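Asks: So that we are looking at the same thing, I have put the structure below in structure tokens.
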Amino acid sequence: MKRKEFFSVFKLLQFFLLALLLLIFLLTSGCSPISTLLFGAPGSIEVSTYPSGAKIFLNGTDTGYITPYTITNLPKQTYEVKVVLGEISYTKTVIVYADNTTSVYKDLLARLNKIVVEPTSMNLKAGESQKIDSVIAYYVDSGSVNLALSNCSYSSSSSHATVNISGTITGVSEGSATITVSYTDVEITKTDTVDITVSPFVPPPVVTPIIYRAFCIGVDEYVNADGVNITNLEGPSDNVNRIIQVFGDCKFGTGEVEFSTPVSLKNLNATKTAIISGIASTFSGADENDVSYFYFAGHGGWDFNTCYICPTDILLTSYDNEISVNELESALSAIPGTKVVILDSCFSGGF
82 MKRKEFFSVF KLLQFFLLAL LLLIFLLTSG CSPISTLLFG APGSIEVSTY PSGAKIFLNG
142 TDTGYITPYT ITNLPKQTYE VKVVLGEISY TKTVIVYADN TTSVYKDLLA RLNKIVVEPT
202 SMNLKAGESQ KIDSVIAYYV DSGSVNLALS NCSYSSSSSH ATVNISGTIT GVSEGSATIT
262 VSYTDVEITK TDTVDITVSP FVPPPVVTPI IYRAFCIGVD EYVNADGVNI TNLEGPSDNV
322 NRIIQVFGDC KFGTGEVEFS TPVSLKNLNA TKTAIISGIA STFSGADEND VSYFYFAGHG
382 GWDFNTCYIC PTDILLTSYD NEISVNELES ALSAIPGTKV VILDSCFSGG F
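Position in the sequence shown (from 1) plus 81 gives the number in my numbering.
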């Protein structure tokens, strides 16, 4: 009885062992209705490229297939699909669902041939900025395209110049730099460069404002007037008033610069000494940018091939108090800048 029981148990164990092996085989083969029940129906990934013939990698492993190809019997999960054609590659992560086909397509044709950046060079001062004019992409089969600067990437070879994401280059310090412009299309990257020369910042010259000065002399009355050799005049002092009024209405240049307050000297005050010293004092402080006006209305004379103007204290017996052309020129030559001489007197053409 015990022997029969032993053989019965042994046969039962053999049956269960055989059933277990069969179950394991069915589960691992992927074709068992039980595996479908437990794990769901398998899915697939359809991989295609243009052009065809790209190697297919699944989760980093070369499948040995080339595009176009459909990988089947894939359990539901996430996969990394990579296609490689020459130097071009493309990777995409996809999820495979039961009883479903997931498609992966990529255009791998290397159409981008080159890019050309304009200008090819820039000369900038430190602190100065200039934007790249254009970046043109040239394609093998479809001509050229003017790229948006924001679609390119930029880098600088040195700290002498910087470049921002919009293609604006700024000089930083004296020296040179190379700006590299890059553009990527279908995993192909092309570059071009811009040579930058940065010169030091030179501040603009300080422009000294022009000062307009006027020294106006009018002599109606003469100290030694005798009515014959020297006569008094009517009008010179009034002419001084009028010329000062004219000067007051003048405005020079875009800045509409006006005369500084004109200085006048009239009649018995207009001695030779006062006129010569007045030239020095009125035009003191003048520089090379300034303009100095000298106006005289009164008697003028000529003697021994020399012309002169007559101050109020001119003498009848000598020429000591006259102001000759040479004396006037000497006094005015000591004044820097531009001199304008207006003489309303006899023999003024000899000056």
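We treat Cβ as the ideally placed atom computed from N, Cα and C, and that holds for glycine. Since we're looking at a predicted model, the values are computed, not measured.
The alpha helix (DSSP H) spanning Ile325 covers which residue range?
Replies: First-last of the alpha helix (DSSP H) with Ile325: 317-330.
Asks: If you follow the beta strand (DSSP E) that Val262 is in, where does it begin and where does it stop?
Replies: Taken as a continuous stretch (DSSP letters only), the beta strand (DSSP E) holding Val262 covers 256-266.
Asks: Taking just the CA atoms, how far does Lys332 sit from Gly431?
Replies: The alpha-carbon atoms of Gly431 and Lys332 are separated by roughly 31 angstroms.
Asks: Nearest-angstrom Cα distance between Leu396 and Gly379?
Replies: So the two alpha carbons sit approximately 15 angstroms from each other.
Asks: For the region 233-257, list the beta strand (DSSP E) runs that are entirely contained and at least 3 residues long, ordered along the chain.
Replies: The qualifying runs are 234-237, 242-244, 249-252.
Asks: Can you tell me which of Pro317, Tyr264, Val244, Gly141 puts its alpha carbon nearest to the alpha carbon of Ala351?
Replies: Minimum Cα distance to Ala351 is reached at Pro317.
Asks: Between which two residues does the alpha helix (DSSP H) containing Thr363 stretch?
Replies: Segment 353-363, the alpha helix (DSSP H) holding Thr363.
Asks: Specify, as a first and last residue, the run of the beta strand (DSSP E) that Ser215 falls within.
Replies: That run of the beta strand (DSSP E) goes 215-220.
Asks: Quick one: is Val162 buried, meaning 16 or more other Cβ sit within 10 Å of its Cβ, or exposed?
Replies: Answer is buried; the Cβ neighbour count reaches 16.
Asks: Among the residues of its own chain, which have a CB less than 7 angstroms from the CB of Cys112, if the five just before and after it don't count?
Replies: Here the model assigns Cys112 a pLDDT of 48, short of 50, so the residue's position is not dependable, and the following value carries that caveat. Correct list: empty, nothing qualifies.
Asks: Could you round the C-beta distance between Phe296 and Ile357 to whole angstroms and report it? I think they count as a contact, below 8 angstroms.
Replies: Their Cβ separation, rounded to whole angstroms, is 11 angstroms, which puts Phe296 and Ile357 out of contact at 8 angstroms.
Asks: Can you name the residues that DSSP bridges to Cys297?
Replies: Answer is Ser345, Tyr376.
Asks: What is the DSSP secondary structure of Val477, reduced to helix, strand or coil?
Replies: What is shown of the chain runs 82 to 432, which leaves residue 477 out entirely.
Asks: Taking the CB atoms as reference points, tell me whether Val175 and Val185 lie closer together than 9 angstroms.
Replies: Yes; because the gap between Cβ atoms is below 9 angstroms, this pair is in contact.
Asks: Round the Cβ separation of Val26 and Val372 to the nearest angstrom and send it over; I've been treating them as touching at under 8 angstroms.
Replies: Past the edges of the chain, shown from 82 to 432, lies residue 26, and the structure says nothing about it.
Asks: Suppose the cutoff is 6 angstroms on Cβ atoms and the five residues either side in sequence are ignored; what does the same chain contact list for Gly299 look like?
Replies: Contacts found: Pro317, Ser318, Asn320, Val321, Lys347, Ala378.
Asks: In whole angstroms, give me the CA-to-CA distance for Ser254 and Ser236.
Replies: If I take the Cα positions, the gap works out to 17 angstroms.
Asks: Note down, in chain order, each residue of its chain lying with its Cβ closer than 7 angstroms to the Cβ of Glu403, except the 5 sequence neighbours on either side.
Replies: Contacts found: Gly382, Tyr389, Cys391, Ile395.
Asks: Within a Cβ cutoff of 8 angstroms, which residues of the same chain sit near Val262, ignoring the five residues on either side of it in sequence?
Replies: So the list reads Ile196, Val198, Ile213, Val216, Cys233, Ser234, Tyr235, Gly248, Thr272, Asp273, Thr274, Val275, once near-sequence residues are dropped.
Asks: Under DSSP, the alpha helix (DSSP H) around Leu413 begins and ends at which residues?
Replies: That run of the alpha helix (DSSP H) goes 406-414.
Asks: Report buried or exposed for Phe433, applying the criterion of at least 16 other Cβ atoms within 10 angstroms of its Cβ.
Replies: No statement about residue 433 is possible, as the shown extent of the chain runs from 82 to 432 and does not include it.
Asks: Would a C-beta distance cut-off of 9 angstroms place Thr151 and Glu127 closer than the cut-off?
Replies: Cβ distance < 9 angstroms, so Thr151 and Glu127 count as in contact.
Asks: Suppose the cutoff is 7 angstroms on Cβ atoms and the five residues either side in sequence are ignored; what does the same chain contact list for Val304 look like?
Replies: Only Leu349, Thr393, Asp394 meet the Cβ criterion.
Asks: Determine the DSSP secondary structure at Ser399, reduced to helix, strand or coil.
Replies: Ser399: coil per DSSP, three-state reduction.
Asks: Suppose you measure from the CA of Ala306 to the CA of Thr398; what does that come to, to the nearest Å?
Replies: Roughly 12 angstroms between the two C-alpha positions.
Asks: Answer yes or no: do Ser125 and Thr148 have a C-beta to C-beta separation smaller than 9 angstroms?
Replies: No, the Cβ-Cβ distance between Ser125 and Thr148 is not below 9 angstroms.
Asks: Let me confirm a value: Thr183 is counted as buried when at least 16 other C-beta atoms fall within 10 Å, else exposed. Which label applies?
Replies: Label assigned to Thr183: buried.
Asks: Could you compute how far the alpha carbon of Ile277 sits from the alpha carbon of Tyr219?
Replies: Distance between the alpha carbons of Ile277 and Tyr219: 24 angstroms.
Asks: Which stretch, first to last residue, makes up the beta strand (DSSP E) that contains Phe385?
Replies: Note, Phe385: premise wrong, no beta strand (DSSP E); not H, not E.
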